[in-house]
Each structure stands twice: as C-alpha cells, then as structure tokens.
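Numbering (the working numbering), first residue to last: 8 to 218.
Read through the structure below, which is laid out as structure tokens, and then see the notes.
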C-alpha cells in the first residue's frame, strides 16, 4: 500500500521530500564549491558523481529484480513517470557540471544557488497559491516567486563576493533575473534542472560583458 501511494506523485504535487532533497543537494554543491573546492576539483568530483548516478539509474531501470532495493529511495524522491526512465538527478548533476566547467566561479555559484532555491520554491508557491494560470504548468504566482527568489540569490551571492560594486551589481542581478525568469516561463521540453543553471550563468556572462 505504501509503495502505491508514494510512486504516483506528479509535477502537480507538492512532493516535499523531493523538493527538500533538491534544495539540500543544490545548496550543498554550491557551498562546498564556494568554500572548499577549486575549479578542477569540483569538475572531477561532479564528473565522478554524475557517472555513479548514471550507472545507478541504468541498473534501477533495466534490472527490475533490484527494484525492491531501490524503492526505499525512489518511492520518496521519484515521480510516477520516472519509475521506468531516468530521473531528474542526471540533468541536475549535468547542469551543475556543465555550468562549473564553462563559466567563472562566481557565475557558476549564482547559477547553482538559483537552481537549488528558485526552482523548488517557485514550484511550491505555484502549487499552493497559483490561482492565475498563464500557461500549462505555469502560474503568475509561481513566476513571481521564481523571479523574486532568483533576484535575491543574485544579490546575496554577488554582494558577498563583490561588496564594493553595489549599484552595478543591483542592475546586473535585476536584468539577469528577468532573463532567467522569462526563460523558465517558456517551459521548454528540456529538463529545467539542466537549463536553469546554464541559462543563469549565460545571462550573467552576457549582462556583465555589456556593463
């Protein structure tokens, strides 16, 4: 009975264990990278972690005889549609890995914390309070929550690294947050765990170059 109840979650459900896991993993990646790891060390560790998770996912999907073992974790974290296919953990790790690999550290940190905080926060707000639907899987309330949290993440991370550039960083944060929110609103068919960090870092890179 428990397995049936816990494997029918969809993106329309709050699914708080999944949201908390997303938040805690993203925050851990960002904080460890910020305080303890060099660029090269982060790439090596995330590369290994991505490979391990990929192998785990393939075993979970292709060997149903082991499903009872994996169900102890998957029942709480996976959505119904992920039971027989790869979960969001792979694009989540790939998004962070590609962002760290491609962009300067401060841009990657903003992107990682945006993925960790804004994605689950806007989902929870949208599900609980999203009365004004603007398209499928998107509400005005959820978009506002995404923009607000993304802007706060930009401000906190950038000001902690460059406290002397207050006015410039404010506008960089504002315009970058607008771009990332607009891109998230598009709701492309590509997993947002992959697109959010890359688009966040890319928008920061472009806007910083213009300023």
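Built from N, CA and C at the ideal position, the CB exists for glycine as well.
Everything numeric in this text was worked out from a predicted model, so none of it was measured.
Can you check whether the CB of residue j is closer than 8 Å to the CB of residue i?
{"i": "residue 156", "j": "residue 128", "result": "yes"}
{"i": "residue 67", "j": "residue 60", "result": "no"}
{"i": "residue 206", "j": "residue 161", "result": "no"}
{"i": "residue 192", "j": "residue 150", "result": "yes"}
{"i": "residue 102", "j": "residue 204", "result": "yes"}
{"i": "residue 166", "j": "residue 125", "result": "no"}
{"i": "residue 130", "j": "residue 17", "result": "no"}
Roughly how many angstroms separate the alpha carbons of residue i and residue j, rounded to a whole number?
{"i": "residue 184", "j": "residue 115", "result": "14 Å"}
{"i": "residue 79", "j": "residue 25", "result": "14 Å"}
{"i": "residue 216", "j": "residue 210", "result": "10 Å"}
{"i": "residue 104", "j": "residue 171", "result": "29 Å"}
{"i": "residue 143", "j": "residue 73", "result": "36 Å"}
{"i": "residue 8", "j": "residue 75", "result": "Note that residue 8 scores 37 on pLDDT, short of 50, meaning its location in the model is unreliable and no value can be drawn from it."}
{"i": "residue 46", "j": "residue 169", "result": "19 Å"}
{"i": "residue 35", "j": "residue 119", "result": "10 Å"}
{"i": "residue 113", "j": "residue 213", "result": "14 Å"}
{"i": "residue 181", "j": "residue 108", "result": "25 Å"}
{"i": "residue 122", "j": "residue 23", "result": "16 Å"}
{"i": "residue 146", "j": "residue 188", "result": "12 Å"}
{"i": "residue 50", "j": "residue 90", "result": "29 Å"}
{"i": "residue 219", "j": "residue 190", "result": "The chain is shown only over 8 to 218; residue 219 falls outside these bounds and no answer can be derived."}
{"i": "residue 20", "j": "residue 176", "result": "36 Å"}
{"i": "residue 218", "j": "residue 208", "result": "15 Å"}
{"i": "residue 33", "j": "residue 54", "result": "15 Å"}
{"i": "residue 158", "j": "residue 164", "result": "10 Å"}
{"i": "residue 65", "j": "residue 71", "result": "11 Å"}
{"i": "residue 57", "j": "residue 138", "result": "37 Å"}
{"i": "residue 13", "j": "residue 85", "result": "Because residue 13 sits at a pLDDT of 47, beneath the cut-off of 50, its placement in the model cannot be relied upon, and the point is left open."}
{"i": "residue 5", "j": "residue 69", "result": "In the structure displayed, the chain extends from 8 to 218; residue 5 sits before or after that span and is not available."}
{"i": "residue 40", "j": "residue 31", "result": "14 Å"}
{"i": "residue 92", "j": "residue 110", "result": "30 Å"}
I need the boundaries of the beta strand (DSSP E) containing residue i, first residue and last residue.
{"i": "residue 142", "result": "140 to 142"}
Hey, could you find the ends of the alpha helix (DSSP H) residue i is sitting in?
{"i": "residue 155", "result": "147 to 168"}
{"i": "residue 57", "result": "46 to 69"}
{"i": "residue 43", "result": "Note, residue 43: premise wrong, no alpha helix (DSSP H); not H, not E."}
- Query: Are the region 91 to 98 and the region 188 to 200 touching, with three or more C-beta to C-beta distances below 8 Å?
  - Reply: yes
- Message: Please give the ranges of any beta strand (DSSP E) in the region 171 to 216, keeping only runs that are unbroken, at least 3 residues long and fully inside the region.
- Response: none
- Entirely within the region 80 to 148 and at least 4 residues each: give me those alpha helix (DSSP H) ranges in chain order. 96 to 109, 112 to 136
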